[in-house]
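J.: Just passing along the structure, written as structure tokens.
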Amino acid sequence: MWSNESLRQIKNIKKNQPDEQKYLQKIAALIEDIQKSPFKGLGKPEPLKHKYEGCWSRRINIQDRLIYKVEKKEIQIISILGHYN
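Each residue of the sequence shown is one higher than the last, beginning at 26 in our numbering.
Structure below.
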């Protein structure tokens with residue numbers, strides 16, 4: 026499940042990311058890995074605090090993180106651009 030914010034960010038990637046296909050493949054690989062094992066694996070998963078308490082993040086690249094939440098085996102993608110903005 027994608028949040029409205031993450032869907033907006035996907036549209037921005039398609040407009041602004043120089044290597045869009047590679048970037049989207051990385052996101053897809055992270056999501057696939059999250060489905061297998063939500064709290065360990067690719068992208069250095071780490072639990073978040075404060076504003077994002079209850080969420081986890083994984084590195085997409087040096088500047089962007091995939092922020093997600095797992096509830097009852099359902100993955101909710103919160104954000105994919107930025108570093109905890």
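Ideal Cβ positions, reconstructed from N, Cα and C, are used throughout, including at glycine.
Which same chain residues end up closer than 6 Å to ILE35 when comparing Cβ atoms and leaving out the 5 residues on each side of it in sequence?
T.: Counted from its first residue, the sequence shown places residue 35 at position 10. Here the set comprises nothing.
J.: What residue range does the alpha helix (DSSP H) around GLN50 cover?
T.: Against the sequence shown, residue 50 aligns to sequence position 25. GLN50 -> alpha helix (DSSP H) spans 45-61.
J.: What first and last residue would you give for the beta strand (DSSP E) that runs through ILE102?
T.: Residue numbering aside, residue 102 sits at position 77 when the sequence shown is read from its first letter. Here the beta strand (DSSP E) through ILE102 covers 99-104.
J.: Identify the continuous beta strand (DSSP E) that holds GLU96 and give its terminal residues.
T.: Residue mapping note: residue 96 aligns to position 71 of the sequence shown, counting from 1. Taken as a continuous stretch (DSSP letters only), the beta strand (DSSP E) holding GLU96 covers 90-96.
J.: Compare the C-alpha of GLN101 against each of GLU57, ASP44, LYS47 and LYS51 and name the closest.
T.: Along the sequence shown, read from residue 1 onward, the residue named residue 101 stands at position 76. It is GLU57 whose Cα lies nearest to the Cα of GLN101.
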